Amino acid sequence: MFSSQVRGQRSSGSPSLRHSIKAGVCDMGIGAGVESMSKRKQGGDAGDLNPDNFKYEKARDCIIPMGITSENVAERFGVTRETQDKFAAISQQRACAATEGGLFQDEIVPVKTKIVDKDGNEREITVTKDDGVRQGTTKEKLARLPPAFKKGGSTTAGNSSQVSDGAAAVLVARRSKASELGLPVFGVIRSYAVVGVPPDVMGIGPAYAIPEALKKAGLSVDDIDVFEVNEAFASQAVYSVDKLGIPWEKVNPNGGAIALGHPLGCTGSRQIATLLNELRRRGKRAYGVVSMCIGTGMGAAAVIEYPGPQA
Numbered sequence: 001m002f003s004s005q006v007r008g009q010r011s012s013g014s015p016s017l018r019h020s021i022k023a024g025v026c027d028m029g030i031g032a033g034v035e036s037m038s039k040r041k042q043g044g045d046a047g048d049l050n051p052d053n054f055k056y057e058k059a060r061d062c063i064i065p066m067g068i069t070s071e072n073v074a075e076r077f078g079v080t081r082e083t084q085d086k087f088a089a090i091s092q093q094r095a096c097a098a099t100e101g102g103l104f105q106d107e108i109v110p111v112k113t114k115i116v117d118k119d120g121n122e123r124e125i126t127v128t129k130d131d132g133v134r135q136g137t138t139k140e141k142l143a144r145l146p147p148a149f150k151k152g153g154s155t156t157a158g159n160s161s162q163v164s165d166g167a168a169a170v171l172v173a174r175r176s177k178a179s180e181l182g183l184p185v186f187g188v189i190r191s192y193a194v195v196g197v198p199p200d201v202m203g204i205g206p207a208y209a210i211p212e213a214l215k216k217a218g219l220s221v222d223d224i225d226v227f228e229v230n231e232a233f234a235s236q237a238v239y240s241v242d243k244l245g246i247p248w249e250k251v252n253p254n255g256g257a258i259a260l261g262h263p264l265g266c267t268g269s270r271q272i273a274t275l276l277n278e279l280r281r282r283g284k285r286a287y288g289v290v291s292m293c294i295g296t297g298m299g300a301a302a303v304i305e306y307p308g309p310q311a
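Numbering (UniProt numbering), first residue to last: 1 to 311.
Pasting the structure below:
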């Protein structure tokens, strides 16, 4: 038994475990991530940086606040405020429908915690659903929100992912080990890719990582049943999806990070869990893609196959 810790700005846990298994370091392991964004300092404070970082354009671009990278994407590639709000509203509406339909029950672990209610009394509650999902969200309501990062900008609190806390875990194993232990196989990782992009528009990463992962798997966009594309911001999600010609109905059918939240270290494993459960509900062999942008200028994507119901 061994353990290791990696940090790759949202995309490191499960892929590093996959590589360890392929390299023969281990036969099985758990890729897990956790983030408590409510406890960390917000506002883009990068800490005590070497002043030399600000002398070089590429290094300087790596520490641009994420909200500004979203504005850069919207401006550079013509993603309008109206389109961003429309995409964000759809994310919320789908997440509401999925929550009400109990679609997240198989992937959410109930957690007991204590809160102080409005009367000042401490009481224990059990959290069974994500609390960022907002009933009744429409693009018209989102259009009333002011820009969050730049005067005259188009990125708002409503069309961005939320400050949220969360944890997720995925069990990854060599097929022979899973068979030896009698474990059901919910999905097979067919390919994985990471591609670099300009750091000042880091959000476009999925538009370049997804084609590379599909190429490695010998598949096309049309072969994929479900795309889980992380919604760090609506601007970058819209750009990536539209550039690749992916129908919106195939993207985040149960909502994405705009509604569910984006605890950075947790998101990759959360996406895999959501994708596998959605593919399983299809009741037949199917393919899915998980993808996300990565801070400092990268995109990551993986192709996952659901083998179909097992006897």
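Glycine included, every Cβ here is placed at the ideal spot set by N, Cα and C. Keep in mind the model is a prediction, meaning the values are calculated, not measured.
Return the chain-ordered list of same chain residues with a C-beta closer than 6 Å to the C-beta of residue i, the five sequence neighbours on each side being excluded.
| i | result |
| --- | --- |
| Gly44 | Confidence is the limiting factor: at Gly44 the pLDDT is only 49, short of 50, which leaves the residue's position unreliable and the question unanswerable from this model. |
| Arg174 | Ile21, Asp27 |
| Gly308 | Lys284, Arg285 |
| Met1 | Its pLDDT being 46, under 50, Met1 is placed unreliably in this model, and the coordinates cannot settle the point. |
| Glu305 | Val188, Arg190, Tyr287 |
Beta-carbon within less than 7 Å of residue i's beta-carbon, same chain only, minus the 5 sequence neighbours each way: which residues are those?
| i | result |
| --- | --- |
| Arg18 | Val172, Ile189, Tyr192 |
| Gly265 | Gly33, Val34, Glu35 |
| Ile210 | Leu244, Val289, Ser291, Ala301 |
| Asn277 | Asp106, Glu107 |
So if DSSP puts residue i in a beta bridge, which residue, or which two residues, is it bridged to?
| i | result |
| --- | --- |
| Val147 | The amino acid at residue 147 is misidentified as Val; the sequence shows Pro. Note: Pro147 sits in a beta bridge opposite Thr156. |
| Met298 | Gly196, Ile294 |
| Arg123 | Ile115 |
| Glu305 | Val188, Tyr287 |
| Ala168 | Gly33 |
| Phe233 | Ser160 |
For the alpha helix (DSSP H) that residue i lies in, which residues bound it at each end?
| i | result |
| --- | --- |
| Asp119 | From DSSP, Asp119 is part of no alpha helix (DSSP H); its letter is neither H nor E. |
| Ala32 | Segment 28-36 is the beta strand (DSSP E) holding Ala32; no alpha helix (DSSP H) there. |
| Asp67 | The residue you asked about is not Asp; residue 67 is Gly in the sequence shown. Per DSSP, Gly67 belongs to the alpha helix (DSSP H) from 66-77. |
| Gln93 | 81-100 |
| Arg60 | 57-61 |
By DSSP, does residue i sit in helix, in strand, or in coil?
| i | result |
| --- | --- |
| Lys177 | helix |
| Val238 | helix |
| Ile224 | coil |
| Ser191 | strand |
| Gly268 | helix |
| Gly136 | coil |
| Phe104 | coil |
| Val251 | strand |
| Thr128 | coil |
| Pro110 | coil |
| Lys215 | helix |
| Ala257 | helix |
| Leu244 | coil |
| Arg280 | helix |
| Val201 | helix |
| Lys22 | helix |
| Pro263 | coil |
| Lys39 | coil |
| Asn50 | coil |
| Leu183 | coil |
Please name the residue, chosen from the options, that lies closest to residue i on a Cα-to-Cα basis.
| i | options | result |
| --- | --- | --- |
| Val251 | Gln271, Arg280, Met202 | Gln271 |
| Thr80 | Asp165, Pro253, Gly153, Arg280 | Gly153 |
| Asn72 | Ala209, Ile204, Arg282 | Ile204 |
| Arg280 | Gln310, Ala209, Leu244 | Gln310 |
| Ala88 | Lys139, Lys118, Ala97 | Lys139 |
| Gly187 | Ile68, Val303, Gly102 | Val303 |
| Phe233 | Lys86, Asp52, Arg94, Leu49 | Lys86 |
| Ile30 | Ser269, Ala98, Thr156, Asp117 | Ser269 |
| Thr128 | Gly218, Thr99, Ile90, Gly182 | Thr99 |
| Val111 | Cys96, Glu124, Gly120 | Glu124 |
Within the same chain, show all residues whose beta-carbon is closer than 8 Å to that of residue i, passing over the 5 residues directly before and after it, in chain order.
| i | result |
| --- | --- |
| Lys58 | Pro199 |
| Thr296 | Gln9, Cys62, Pro199, Met202 |
| Lys39 | Asp165 |
| Ala273 | Glu107, Ala168, Val170 |
| Ala213 | Ser191, Tyr192, Ala193, Val289, Ser291, Ala301, Ala302, Val303 |
| Ala157 | Leu145, Ala148 |
Looking at residue i and the ligand HEM, is the gap between the Cβ and the nearest heavy atom below 7 Å?
| i | result |
| --- | --- |
| Lys139 | Here there are no bound small molecules, and the ligand HEM is not part of this structure. |
Kindly say whether residue i, judged by its beta-carbon, lies nearer than 8 Å to any beta-carbon of chain C.
| i | result |
| --- | --- |
| Lys216 | Looking for chain C here will not work: only one protein chain is present. |
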